[in-house]
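A.B. asks: According to my numbering, the first sequence is numbered sequentially starting from 64. One structure, as structure tokens, below. Some questions next.
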Amino acid sequence: MAFLSTQPYKGTRDFFPEDMRFREAMFSVMHDVVRRYGFDEVDAPIIEPIDIYLAKTSEEIVGQQIYSFTDRGDRKVAIRPEMTPTVARMVAARFHETPKPIRWYSIPNVWRYEQPGKGRLREHWQLNCDIFGAASEKLADLELLNLAVDLLRGYGANETHFKVYLSHRGILNGVLGGELKLPAEKWPAVARIMDKRAKVKPEAYTEMLANEGVSAAQSAELDRFLNDKLEYLKAKSHLEGAAYVLEMMTSLAELGLEKFIEYDPAVVRGFDYYTGLVFEVFDTHPENRRSLFGGGRYNNLVGAFGKETLNAVGFGMGDVTLEDFLRTHKLLADVPRRVDLYIALLDDTLATHALRLAASLRARGLRVESALAAGKLGKQFQEAEKKGIPRVVILGSDEAASGICTVKTLASGEQKKLKAEEI
RNA sequence: GCGGUCGUAGCUCAGCUGGUAGAGCACAGGUUUGUGGCACCUGGUGUCGCGGGUUCAAUCCCCGUCGAUCGCCCCA
64 MAFLSTQPYK
74 GTRDFFPEDM
84 RFREAMFSVM
94 HDVVRRYGFD
104 EVDAPIIEPI
114 DIYLAKTSEE
124 IVGQQIYSFT
134 DRGDRKVAIR
144 PEMTPTVARM
154 VAARFHETPK
164 PIRWYSIPNV
174 WRYEQPGKGR
184 LREHWQLNCD
194 IFGAASEKLA
204 DLELLNLAVD
214 LLRGYGANET
224 HFKVYLSHRG
234 ILNGVLGGEL
244 KLPAEKWPAV
254 ARIMDKRAKV
264 KPEAYTEMLA
274 NEGVSAAQSA
284 ELDRFLNDKL
294 EYLKAKSHLE
304 GAAYVLEMMT
314 SLAELGLEKF
324 IEYDPAVVRG
334 FDYYTGLVFE
344 VFDTHPENRR
354 SLFGGGRYNN
364 LVGAFGKETL
374 NAVGFGMGDV
384 TLEDFLRTHK
394 LLADVPRRVD
404 LYIALLDDTL
414 ATHALRLAAS
424 LRARGLRVES
434 ALAAGKLGKQ
444 FQEAEKKGIP
454 RVVILGSDEA
464 ASGICTVKTL
474 ASGEQKKLKA
484 EEI
């Protein structure tokens, strides 16, 4: 009979103790920083009716990347590919009783059926931060951007490690539809080509545009849009979002965030539900120049649940790309195991005595691992050493009789005679 | 989804154009019974990813498949 494989399912990870310690260290920074902004944590089931993704999540995710099935009650359900629709559902459910603005965060695992690669797996954990129902959308956007920056700063990152690029959904649409007068069905293809502009040769770029039926004049206008950046917006103040971006940049400068955040006309974001601000955070490291995370404003999602509408802005940050970022820049190292004491057992007759001692030490908050079999002292020192435990309590008949323990610090070899309550 | 590379002991790997496999580390026990890290001795190891094919004979060659990884597509 063939044995079962010990490998986890394709595109997923097992979290062994050292992995969990690293993950918990990563998450604990998230909890700390986000709570400093007054956010409350929420969670929800991993399965949702598939309907909540059909309307607003992007076509590709729903069509090809969603894990879905029909349950025994003939309901079409999906494993969540993202958290935002779920949070919107929860907000809609408590719409009236929750004071606005609502600041909620969560760290759910989300699933997408895609080809695993660097920075992308089928299951990952994603910090989601959202602000709902702010009277001033601009202030909410500012606060959320500030939070995004502070999160990475919480790991010790600075402006040399990452950059935030922002734009507004209306601007690109206005340029493609209004200025270039391109039919809407061409927009996605053109946006995709724009995204490649920095990666391919100029000739290849113009050729790709020409293939989509973009004329030389249109292409030149697109170049002005992409090159002139803020100057272009000043000249085209009638564009939806142009004034917004200009004001945002001024406010961000006043907050001292200008070295972290820039306007980038090419920021698109795939989700269909974005209605205003869109932004993306990039790693600046030449070997890891990828998008770390992103988000934006989605004002119509809560309304999809039939209650009143509520404006919203949020982002999602995945643990896989974050870990790559932190390791690339050496911002977070492996976390060592932490147990304070090892209680060596020399004689089986002292076993309950040792367990009692362990219990009293634990009651005082110490982390204690007790030997579960009597053995030679040397072996037990080795065992403590391998387990990364710094001190060993030696408990033999002498100590049991006198009530005084010998405590050895392994690194120095130093030994002390201590009463139990002095350990 | 498409292409490149890879898959040998628990881990890192070696295996010279095919003759049924090795090293280091790790692990367990011991070097005589209350003091470790060094050293020495001993010991398990492997369906050579999986399934076919060619051959007298396959870890090695061919095909398929699963997985990892890199690039592309897609996407964030």
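Backbone N, C-alpha and C fix where the C-beta goes; we use that ideal spot for every residue, glycine too. Note that the structure is predicted; figures quoted are calculated from it, not measured.
With DSSP collapsed to three states, give me the class of F90.
C.D. replies: Along the first sequence, read from residue 1 onward, the residue named residue 90 stands at position 27. In this structure, F90 counts as helix in the three-state DSSP scheme.
A.B. asks: So which of G219, A434, D106 and R99 has the shortest CA-CA distance to S169?
C.D. replies: To locate residue 169, count along the first sequence from 1; it is residue 106. Comparing Cα-Cα distances from S169 to each of G219, A434, D106 and R99, the minimum goes to D106.
A.B. asks: Taking the alpha-carbon of Y130 as reference, which of R390, S475, E186 and F378 has the nearest alpha-carbon?
C.D. replies: For the purposes of this step, residue 130 is identified with residue 67 of the first sequence, where counting begins at 1. Measuring from the Cα of Y130, the nearest candidate turns out to be E186.
A.B. asks: Roughly how far, in whole angstroms, is the beta-carbon of R352 from the beta-carbon of D403, given that I think they are within contact range, below 8 Å?
C.D. replies: Taking the first residue of the first sequence as 1, we reach residue 352 at position 289. Taking the first residue of the first sequence as 1, we reach residue 403 at position 340. R352 to D403, Cβ: 43 Å. No contact.
A.B. asks: Which ranges would you report for the beta strand (DSSP E) in the region 312-358 if only whole runs of at least 3 residues count?
C.D. replies: 324-326 and 340-346, all fully within the region 312-358.
A.B. asks: Put N172 into one of helix, strand or coil per three-state DSSP.
C.D. replies: For the purposes of this step, residue 172 is taken as the residue at position 109 of the first sequence. Strand, per DSSP.
A.B. asks: Sort K201, V227 and G136 by Cα distance to T347 and report the nearest one.
C.D. replies: In the first sequence, the residue the question calls residue 347 occupies position 284. Closest by alpha carbon: V227.
A.B. asks: Measuring straight from C-alpha to C-alpha, what distance separates D114 and A279?
C.D. replies: Your numbering for residue 114 matches position 51 in the first sequence. Your numbering for residue 279 matches position 216 in the first sequence. Between D114 and A279, the C-alpha separation is close to 43 Å.
A.B. asks: For the alpha helix (DSSP H) that contains D213, what are its first and last residues?
C.D. replies: Along the first sequence, one-based indexing puts residue 213 at 150. Looking at the DSSP string, the run of the alpha helix (DSSP H) that includes D213 is E200 to G217.
A.B. asks: How many angstroms separate the CA atom of V331 from the CA atom of H159?
C.D. replies: Along the first sequence, one-based indexing puts residue 331 at 268. Along the first sequence, one-based indexing puts residue 159 at 96. In a straight line, the C-alpha of V331 is about 33 Å away from that of H159.
A.B. asks: Kindly give me the distance between the Cβ atoms of M89 and L355, rounded to whole angstroms, as I take these residues to be in contact under 8 Å.
C.D. replies: Position 26 of the first sequence, counted from the first residue, corresponds to residue 89. Position 292 of the first sequence, counted from the first residue, corresponds to residue 355. Not quite, the Cβ-Cβ distance comes to about 13 Å (not below 8 Å), so this is no contact.
A.B. asks: Answer with buried or exposed for M64, where buried requires no fewer than 16 other C-beta atoms within 10 angstroms of its C-beta.
C.D. replies: Indexing the first sequence from 1 puts residue 64 at position 1. The predicted model places M64 with a pLDDT of 39, which falls under 50 and marks its position as unreliable, so this point remains unresolved.
A.B. asks: For the region 170-180 against the region 280-294, do three or more pairs of beta-carbon atoms, one drawn from each stretch, fall closer than 8 Å, so that the two count as touching?
C.D. replies: Cβ pair count under 8 Å is below three, so no.
A.B. asks: Would you tell me roughly how many angstroms separate the C-alpha atoms of A474 and K292, rounded to the nearest one?
C.D. replies: Translated into the one-based positions of the first sequence, residue 474 becomes position 411. Translated into the one-based positions of the first sequence, residue 292 becomes position 229. When rounded, the distance between both Cα atoms is 59 Å.
A.B. asks: Hey, is A220 close to the ligand NAP, as in C-beta under 7 Å from one of its heavy atoms?
C.D. replies: No copy of the ligand NAP occurs in the structure displayed, which carries no ligand at all.
A.B. asks: Taking the alpha carbon of L409 as the point to measure from, which residue in A261, E111, S460 and Q127 has its own alpha carbon closest?
C.D. replies: Counting from 1 along the first sequence, the entry for residue 409 is found at position 346. Out of A261, E111, S460 and Q127, S460 has the C-alpha closest to the C-alpha of L409.
A.B. asks: Should T415 go down as buried or exposed, given a rule of 16 or more other Cβ atoms within 10 Å for buried?
C.D. replies: Numbered from its first residue, the first sequence carries residue 415 at position 352. Classification of T415: exposed, given that the 10 Å Cβ count is below 16.
A.B. asks: In terms of residues, what are the limits of the beta strand (DSSP E) holding F132?
C.D. replies: Indexing the first sequence from 1 puts residue 132 at position 69. F132 -> beta strand (DSSP E) spans Y130 to T133.
A.B. asks: Measuring only the C-alpha atoms, how far is M380 from R390?
C.D. replies: On the first sequence, position 317 is the one that residue 380 refers to. On the first sequence, position 327 is the one that residue 390 refers to. Going from the Cα of M380 to the Cα of R390 covers about 16 Å.
A.B. asks: Does the separation of the CB atoms of G339 and G359 fall below 8 Å?
C.D. replies: For the purposes of this step, residue 339 is identified with residue 276 of the first sequence, where counting begins at 1. For the purposes of this step, residue 359 is identified with residue 296 of the first sequence, where counting begins at 1. In contact: G339 and G359 (Cβ atoms closer than 8 Å).
A.B. asks: Identify which residue in E222, F323, E111 and R76 has its Cα closest to the Cα of I142.
C.D. replies: Numbered from 1 along the first sequence, position 79 holds the residue referred to as residue 142. Checked all of E222, F323, E111 and R76; the closest Cα to I142 is E111.
A.B. asks: Are the CB atoms of I486 and L424 nearer to each other than 8 Å?
C.D. replies: Position 423 of the first sequence holds residue 486. Position 361 of the first sequence holds residue 424. Contact: yes.
A.B. asks: Relative to the alpha-carbon of A329, which residue among V344, L395, A316 and V154 has its alpha-carbon at the smallest distance?
C.D. replies: The residue given as residue 329 occupies position 266 in the first sequence. That would be V344, whose Cα lies nearest to the Cα of A329.
A.B. asks: According to DSSP, is Y116 part of a helix, a strand, or is it coil?
C.D. replies: Taking the first residue of the first sequence as 1, we reach residue 116 at position 53. Looking at Y116 - three-state DSSP - the assignment turns out to be helix.
A.B. asks: Which two residues bound the contiguous alpha helix (DSSP H) that contains D387?
C.D. replies: Your numbering for residue 387 matches position 324 in the first sequence. From DSSP, the alpha helix (DSSP H) with D387 extends over D382 to T391.
A.B. asks: For the beta strand (DSSP E) containing F195, name the first residue and the last one.
C.D. replies: Indexing the first sequence from 1 puts residue 195 at position 132. That run of the beta strand (DSSP E) goes E186 to F195.
A.B. asks: Given 8 Å as the limit, is there contact between the region 146-156 and the region 366-373, that is, 3 or more CB pairs closer than that?
C.D. replies: Enough Cβ pairs lie closer than 8 Å, so yes.
A.B. asks: Grab me the residues of K259's own chain with a C-beta within less than 8 Å of its C-beta, minus the 5 sequence neighbours each way, in chain order.
C.D. replies: Taking the first residue of the first sequence as 1, we reach residue 259 at position 196. Cβ within range, chain order: Y268 and M271.
A.B. asks: Let me confirm a value: K471 is counted as buried when at least 16 other C-beta atoms fall within 10 Å, else exposed. Which label applies?
C.D. replies: Counting from one through the first sequence, the residue named residue 471 turns up at place 408. Burial call: buried.
A.B. asks: From R401, Y100 and E177, pick the residue whose C-alpha is nearest to that of Q127; which is it?
C.D. replies: Stepping through the first sequence from its first residue, residue 127 is reached at position 64. It is E177.
A.B. asks: Just how far apart, CA to CA, sit D411 and G441?
C.D. replies: By one-based count along the first sequence, residue 411 stands at place 348. By one-based count along the first sequence, residue 441 stands at place 378. Cα-Cα distance, rounded: 16 Å.
A.B. asks: Could you have a look at L481 and say whether DSSP puts it in helix, strand or coil?
C.D. replies: If you number the first sequence from 1, residue 481 lands on position 418. Residue state, collapsed to three classes: strand.
A.B. asks: What's the call for E200, buried or exposed, on a 16-neighbour Cβ count within 10 Å?
C.D. replies: The count along the first sequence starts at 1 and reaches residue 200 at position 137. It counts as buried.
A.B. asks: Tell me the rounded alpha-carbon separation between A447 and Y405.
C.D. replies: The residue labelled residue 447 in the question sits at position 384 within the first sequence. The residue labelled residue 405 in the question sits at position 342 within the first sequence. When rounded, the distance between both Cα atoms is 6 Å.
A.B. asks: Taking the DSSP output, what are the residues bridged to E111?
C.D. replies: To locate residue 111, count along the first sequence from 1; it is residue 48. In DSSP, E111 forms a bridge with A141.
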